[in-house]
Structures are given as structure tokens and as C-alpha cells.
Amino acid sequence: MAKTICRVAGFVVVVLSACTRDDVSRYHLIPFPEYISSRAGTFVLSAATAIALSDPADGELQSLGAFGADVLAGTLGSAPDIAAEPFSGQSNTIGLVLVTDPRAASGERYQLRVTEETITISASEPSGLFYGLQTLRQLVPHHIAPSPDGDGETVWPIPAVEIDDGPRFTYRGMHLDVGRHLFPVDFIKKYIDLLAMYKMNTFHWHLTEDQGWRIEIQKYPRLAEVGAFRRETILEKNFNPFIGDGIPYGGFYTQDEVREIVAYARARYVTVIPEIEMPGHSLGALAAYPEFACTEGPFNVATRWGVHPDIYCPTEETFAFLEDVLTEVMDLFPSRYIHIGGDEAPKTRWEASPVAQTVIRREGLADEHELQSYFIRRIERFLLSHDRRLIGWDEILEGGLAPEATVMSWRGMSGGIAAAKQGHDVIMTPTSHMYFDYYQGDPEHEPLAIGGYTPLDKVYGFEPVPEELTDEEATHILGTQANLWTEYIKTTGYLEYMAYPRALALAEVAWTDRRWRDWESFTTRLQTHYRRLSDLAVNYRIPHVEGLDADVMTLADRVVVPLRASMAGAEIRYTTDGSDPTSTSPLYQGPLDLPVDEAGVTVTARAFGADGRSSAAAAAHFHQTVLRPPVALDAPDLERGARFAYYEDQFSTVDGLSGATPAREGVVSGIELSGFEREEFIGLSFAGHLRVPASDIYTFYLTSDDGSRLTIGDTVVIDHDGSHGATERTGAVALEAGYHPINIRFFHGRGPGALHLTVRRDGDARPASIKAWLFHERLQSR
Numbered sequence: 194m195a196k197t198i199c200r201v202a203g204f205v206v207v208v209l210s211a212c213t214r215d216d217v218s219r220y221h222l223i224p225f226p227e228y229i230s231s232r233a234g235t236f237v238l239s240a241a242t243a244i245a246l247s248d249p250a251d252g253e254l255q256s257l258g259a260f261g262a263d264v265l266a267g268t269l270g271s272a273p274d275i276a277a278e279p280f281s282g283q284s285n286t287i288g289l290v291l292v293t294d295p296r297a298a299s300g301e302r303y304q305l306r307v308t309e310e311t312i313t314i315s316a317s318e319p320s321g322l323f324y325g326l327q328t329l330r331q332l333v334p335h336h337i338a339p340s341p342d343g344d345g346e347t348v349w350p351i352p353a354v355e356i357d358d359g360p361r362f363t364y365r366g367m368h369l370d371v372g373r374h375l376f377p378v379d380f381i382k383k384y385i386d387l388l389a390m391y392k393m394n395t396f397h398w399h400l401t402e403d404q405g406w407r408i409e410i411q412k413y414p415r416l417a418e419v420g421a422f423r424r425e426t427i428l429e430k431n432f433n434p435f436i437g438d439g440i441p442y443g444g445f446y447t448q449d450e451v452r453e454i455v456a457y458a459r460a461r462y463v464t465v466i467p468e469i470e471m472p473g474h475s476l477g478a479l480a481a482y483p484e485f486a487c488t489e490g491p492f493n494v495a496t497r498w499g500v501h502p503d504i505y506c507p508t509e510e511t512f513a514f515l516e517d518v519l520t521e522v523m524d525l526f527p528s529r530y531i532h533i534g535g536d537e538a539p540k541t542r543w544e545a546s547p548v549a550q551t552v553i554r555r556e557g558l559a560d561e562h563e564l565q566s567y568f569i570r571r572i573e574r575f576l577l578s579h580d581r582r583l584i585g586w587d588e589i590l591e592g593g594l595a596p597e598a599t600v601m602s603w604r605g606m607s608g609g610i611a612a613a614k615q616g617h618d619v620i621m622t623p624t625s626h627m628y629f630d631y632y633q634g635d636p637e638h639e640p641l642a643i644g645g646y647t648p649l650d651k652v653y654g655f656e657p658v659p660e661e662l663t664d665e666e667a668t669h670i671l672g673t674q675a676n677l678w679t680e681y682i683k684t685t686g687y688l689e690y691m692a693y694p695r696a697l698a699l700a701e702v703a704w705t706d707r708r709w710r711d712w713e714s715f716t717t718r719l720q721t722h723y724r725r726l727s728d729l730a731v732n733y734r735i736p737h738v739e740g741l742d743a744d745v746m747t748l749a750d751r752v753v754v755p756l757r758a759s760m761a762g763a764e765i766r767y768t769t770d771g772s773d774p775t776s777t778s779p780l781y782q783g784p785l786d787l788p789v790d791e792a793g794v795t796v797t798a799r800a801f802g803a804d805g806r807s808s809a810a811a812a813a814h815f816h817q818t819v820l821r822p823p824v825a826l827d828a829p830d831l832e833r834g835a836r837f838a839y840y841e842d843q844f845s846t847v848d849g850l851s852g853a854t855p856a857r858e859g860v861v862s863g864i865e866l867s868g869f870e871r872e873e874f875i876g877l878s879f880a881g882h883l884r885v886p887a888s889d890i891y892t893f894y895l896t897s898d899d900g901s902r903l904t905i906g907d908t909v910v911i912d913h914d915g916s917h918g919a920t921e922r923t924g925a926v927a928l929e930a931g932y933h934p935i936n937i938r939f940f941h942g943r944g945p946g947a948l949h950l951t952v953r954r955d956g957d958a959r960p961a962s963i964k965a966w967l968f969h970e971r972l973q974s975r
């Protein structure tokens, strides 16, 4: 029999010949397996198909057989029988086989073989068999209707194949914050089911926050009675002045519910890691037990999001309380790791606390940062004494890292790099790629989110292992995780909208070797999974219509607007009057040819799926423009680069730079964030002239974290003000050849910042640096 083997979507030759695109299209698997061998023929799945076990008396194998039968029952209409006899290659049978061959791969690795007679899944551990069953689940045809065989029985053809597969990373996780908004037990189970379906093995459960303590602790009942309830919740983003919704909010999980969820996850080979925040994000606990703070209180459970100054005080009573809490937590969660947060802990209360200052002097600590390290180390020693390991956000690096701690790197990759170089294990979960509470499209047309921009392709393009690490250091990168913080995520439907399909991109990043990931193949395979998610009643995000990503200006009097729906089978409905498209709006049937003038026309479009749900709207404004004349300047009076003013202060808007006193001024060659004294709480302004090479339309690309504004002449080209993550905004302007004044204002608050500006001339393939275009006037004194 002819045989072909391929590596994922790159179709790399391994044996005999490369797989064709048609070969791979038979297997719409996510994440895609490491090795796949296409064979001729099909296995005919029917109600008569049975499941057989290599050892029918093995309790865990029995559970796996029951799980497989339950999964297939959704397709077959009834669960397959579990054979009483051991699997020995019986016809029309699915065999689950634990192998003892010492040469076999261990752990989560599995082999799956489909022939015309049998399906065999083998692995050296039950978890491998579980993942083999998940792959089989995806092999059952979903894109075609079942067909009757010659006897009138309904059957499903499964293409013959050999798969040898295992994960790239041992840690493949999804996080969920229930401190801000609580979600029902049944939904938590559904969340875990979806993780397991796509071969993720860790559920990071964020259980305590300033806005609510969500787990019952029997020794301290007020944590649930008081700490789990707030009097109201901030309404949208009305921080200053604060506006609340006036609705009391709260709830918690009982210990019985926690045990139920942990057991449910364990049956699906998902480890639940609890997070109990300390020393910061602790107002929920301090509202119940104010004696563990450095000030007298009283405290209220927080009603607004953000970082609050009141944190645990490093007293012996506090440590006894936290050890009691963690003792009950460890009894509920058998996970190796216990997450203690450690992030965003302001030191202002410690700076003013006689108790905290006494600890600093007693322990010979340099400052409050080392006091936090002392705090974390004490908790780590307690966890180690119970054979558990501490994991925390990358702030636990500050003041010195606890000896055996594992770091979750969220403020970019730098914390993870530093930890790995010190020999510590790391989970990469940076805001740039792994924050699923960030927007997926234009905020003007998306549901309210915290900020940022993390579209599906950006998630898929994430590489968890930084190039800065040696091969040995890279072994400390255990894997990756996406985080779902729920400040603005109030409902289960919205939570699923934010998680899916981005979680599928995460699944392939975490499982499949980076050399074999391919965006085009992934998006092709994703089409089948949209239908699978629909069948599972998952409120995934339908991708918005492509082709309306930015406003467009033209020197012509007509524009051609091509649109594309990324989801197969979706239809596009559009409007040109600024209204929101509905299912009865004009149907897109080809590129739109539209007249434009200076007022322009706005095209708005939605994609409508077969189930009637629609994507978020996408819109762009198309208008005619005229060239902006340059200013008259003498080239001998100019030097390369732009003038800058650097400010050290806390800003909330770029307008705050007006009237502020610069800490330093000078000249730089480009518009970027480098070479300045500190990363946090700064402002920058740049001023100079662009020497434009030819009269044309120019598009500028401005990336910033936080706010920024680009002005050319007296026109604001990009306004990206406010606090947000590192995101890119674009703007265009028509410029005559010559010199044009340019000004950029920028501020950054907490964490690593970002600032970068590039430009693309109309018709160019990609943006270019503006360094060669930047000039400033010489000072008169020179």
C-alpha cells in the first residue's frame, strides 16, 4: 500500500513522498498532530461499533472507555457497547491499549491507527489514551451528513490514518478570573470540557480578589459571608467620577462544589491550580478580617477595578491566617502548584507601617521590595513543607525570587527570561499575545473590554520560547497560558465570545511544534471547528468581515472595496449609509465600486453564519482628499532626527504633558521607547519635520503602551490616547513632497512600555522606518 507521511501544514517530506493538500484536508485536527500518515480506505463507524480495552478489569481504562462511549453517543445517538473481552484486533472495534513496551513514549503521547477493520489507540499512560480519544472525536466526520449503508443502517466513514503524536509543552493552560464576576459550576465544567477537547491540561482558577473572595474557608467563615459580596459594581469605565450600578453582587463556591469541579477536571486529565492572592489584591479578605492589614480599616470589598493600596501586613498573625487558608486549599486541590498571585502589591502601607518597618530591620532587608520577597519566601517554605510548589506572577522576581518558585511572565517576556536564566521554571503568558480579555476587533464595534488588541492571528503567531535563551535555559519554559480577566465579562456567553476561537490558536501553539505551525492551514481547519463549537452551544466569536480594517483616503473620485468573510458559508450583509447591517441589508456579491467625494462614504458590514448569529460589525470610511502642501525650510538649517522632551510623572492622558517640566531634552534618531531612564510613569514628546520623498498618500502605524497621539501639521492623524496595552493604530494623510511638521506625544504608566512609528506610501508592500525622513531645525546658538 502506498504510504505518505506529513508534518502538520507545512507538508514536509518525512517518508517516501510529501502529503498533498487533499491528503491533509481529510484530517481537520486542532491541534494538528506531530506525525500523520495517510492511508487508503475508511473505517465505517456505526451503532454496531464496540469499544474494547486492553485490560477490561482496569478501573481507569473502564473510565476512559465510558468517556469514549459518551463522546461517540453524541454522533451515533446511543453509546457503543464496552466489550467484556480484552482488545485483540476485533473487527468493527475501537481498542484502547495501554502499552508496556519500554521503548514507547510516555505520558501524554499516543498512537492512533485507523484501518478498514479497527481503530487502535495506544499509549503508555491513560492521559495519552484520553488525547487519542479527543483526536478520534475530531476524525468523526462533521462536515458531511451520515449515510445509510446497504442494510439501511446509518454510518460515518472515518478516513484511514496513522498518527504518532505528543505535546511540545507539558503546561498548556487557560485561566479564569471569578473574583470580578462569578460563573456557575456547570459552566466551569463546560469550560474544562473545552480545554480537554483541545488537549489543554491546566485550569488556572483565580479565586480571590479585591472585588470578591470566592472560596469557602471553614476556619474563617467571614471570608465567604462578608468578603464574597460587594455593594455594587463600577458601571462600564466610569472611574472619575465613579459611577456604580447600585446592584449588590456576590457569591462563592462551597468546598463541596470545589471538590466536584476538581474531580470533574481530573477525569479529563486537567489539573486545577487555585490562585489565592497575596500580599496584594486582598481587599476581599481584609473586609472580612481587617486585623490582617497594616491600618485599622474598616475595609469594603472593592466596587471598582484597579490596584488598591491596602494589602496584607507582614505580621505573624497574617502568616498564621494565610497558612490556615492554604491548608484548607491544599486539602481541596491536589495540584503540585499553588498560585499565590504576588502581582500589583503597592508598598505605600508598608512604607508607613511600624510593623512592616520592624520586619525590614529585623530581617536585614534593604527595602519594601525585599520585604515582599521575604513574604513570598515564607509562604514558599510553608508550601514546600507540604510537598507543594509556589507559582506567582512575575512581580515575585522583585527583591529576589523564592528558591523553587515558578514564574508566570505576564508583563511581556522579560520576567520569564530573567527567571529562566536564574534556573527557575516559567509559564509564558504575556499581555501582548495571551490576554483574552483584550479586544479582537475595532473597539467601536466590539463589546466593552479592558483594552488592548489581541486578534486570532496574533495569538497563533506567539512563540513561548524567547530567542535570548540558551538551549539549557529554554528547558525551563514549561509552556504557555491564556488569561481571562473578567472586569467587563459578566456573562457566560460573553466569556465564550472572548475565549473562542482564540483558545484553539492557543491549543495549537502549546501542543504543536513551532516548525510545523501554519496559519493558512489552521484557518482552513478552523472552519470545521466553528461547526463543532456551534453543536456544543459555544458562543464563539464569528470573525468580522475583512477589508474594512482602516479608513481609506484617495485622490480619485471612486473606490473599489473588496470584502471577505473568514468563516466558510457565512454571507456578508453591508450598508453604505452608516447604519448597522441586519440580515435583510444588501447581500455582498462582489467588490463594491463606489463614488467618493470629500464627505466620503462609510461601508459597514457583518458576516452572518448559518445559525443566524452575526459577527461584530466592521466599518471603514472612504473619502477623497487633497495633497497637503509642505512648509518652506532651508535644508542647511536642518539636522537629522527629532527633538524630544522626557518627563518623569504619572500621566493619564497625553494632554497632561502640556505645562509639565521635562526631566531631560535632546535629539533622537527615531520615534521609539529606548534609551530613557526608566520604563514606568513617564511621558515623551517628539517634534521635528518629515522630509516626504514624493507627493502621495502616506499611512502611519503607531504602536504604543499607553497613550499616544500623532499630529502632522495641524492635523491629528492618529489619536490613541488613554491607558491601554501595546496596540497599533493607523492613520493616513495626503502629503506633497517636501517638509511637514510632525509631533508625537506619549505617556506610559505601569509595566513595560512600547512606542514605535512606521510609515507606508500608498502602493508599497510594507511599512518602513521613518528615521531617514526625520529632521529638526538647528538651535540658533549653534
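Residue numbers for the sequence shown, in the working numbering: 194 to 975.
Glycine included, every Cβ here is placed at the ideal spot set by N, Cα and C.
Owing to the predicted nature of the structure, the values given are computational and were not obtained by experimental measurement.
So residue i is in the beta strand (DSSP E); what residue range does that whole segment cover?
i                 : result
phenylalanine 432 : 427-432
tyrosine 303      : 303-307
alanine 460       : Unbroken run through alanine 460: none, as it is neither H nor E.
proline 352       : 347-358
glutamate 832     : 831-833
threonine 311     : 311-316
glutamine 817     : 811-817
Span of the alpha helix (DSSP H) holding residue i?
i             : result
threonine 328 : 319-332
histidine 626 : 624-627
serine 983    : This structure cannot speak to residue 983, because the chain is shown only from 194 to 975.
glycine 686   : 685-692
Since residue i sits in a beta bridge, which residues does DSSP pair it with?
i                 : result
asparagine 936    : Ala880 and Thr904
tryptophan 603    : Tryptophan 603 pairs with nothing; no bridge assigned.
phenylalanine 492 : BP columns for phenylalanine 492 are empty, so no partner.
glutamine 283     : Glutamine 283 is not bridged to any residue.
threonine 854     : Paired residues: none, contrary to the question.
valine 926        : Tyr891
Residue i by DSSP, collapsed to three states: which one?
i                 : result
aspartate 274     : coil
serine 897        : strand
phenylalanine 968 : strand
arginine 288      : Arginine is not the amino acid found at residue 288; the sequence shown has glycine there. Strand at glycine 288.
leucine 787       : strand
leucine 950       : strand
valine 518        : helix
serine 256        : helix
threonine 797     : strand
glycine 805       : coil
glutamine 720     : helix
glycine 654       : coil
glutamate 450     : helix
aspartate 422     : For the record, residue 422 in the displayed sequence is phenylalanine; it is not aspartate. Correct three-state label for phenylalanine 422: strand.
Are the beta-carbon atoms belonging to residue i and residue j less than 8 angstroms from one another?
i                 : j             : result
threonine 624     : glycine 876   : no
arginine 423      : valine 348    : no
proline 945       : glutamate 872 : yes
phenylalanine 280 : serine 247    : yes
tyrosine 932      : leucine 826   : yes
glutamate 588     : aspartate 536 : yes
aspartate 770     : alanine 810   : no
arginine 574      : threonine 488 : no
isoleucine 911    : arginine 922  : yes
Within the present structure, is the beta-carbon of residue i separated from the nearest heavy atom of the ligand HEM by less than 7 angstroms?
i             : result
threonine 488 : The ligand HEM is absent from the structure shown, which contains no ligand whatsoever.
Does the beta-carbon of residue i have 16 or more other beta-carbons within 10 angstroms, so that it is buried, or is it exposed?
i                 : result
glutamate 470     : buried
proline 829       : exposed
arginine 959      : exposed
phenylalanine 435 : exposed
glycine 258       : buried
aspartate 804     : exposed
glycine 405       : buried
lysine 412        : exposed
glutamine 843     : exposed
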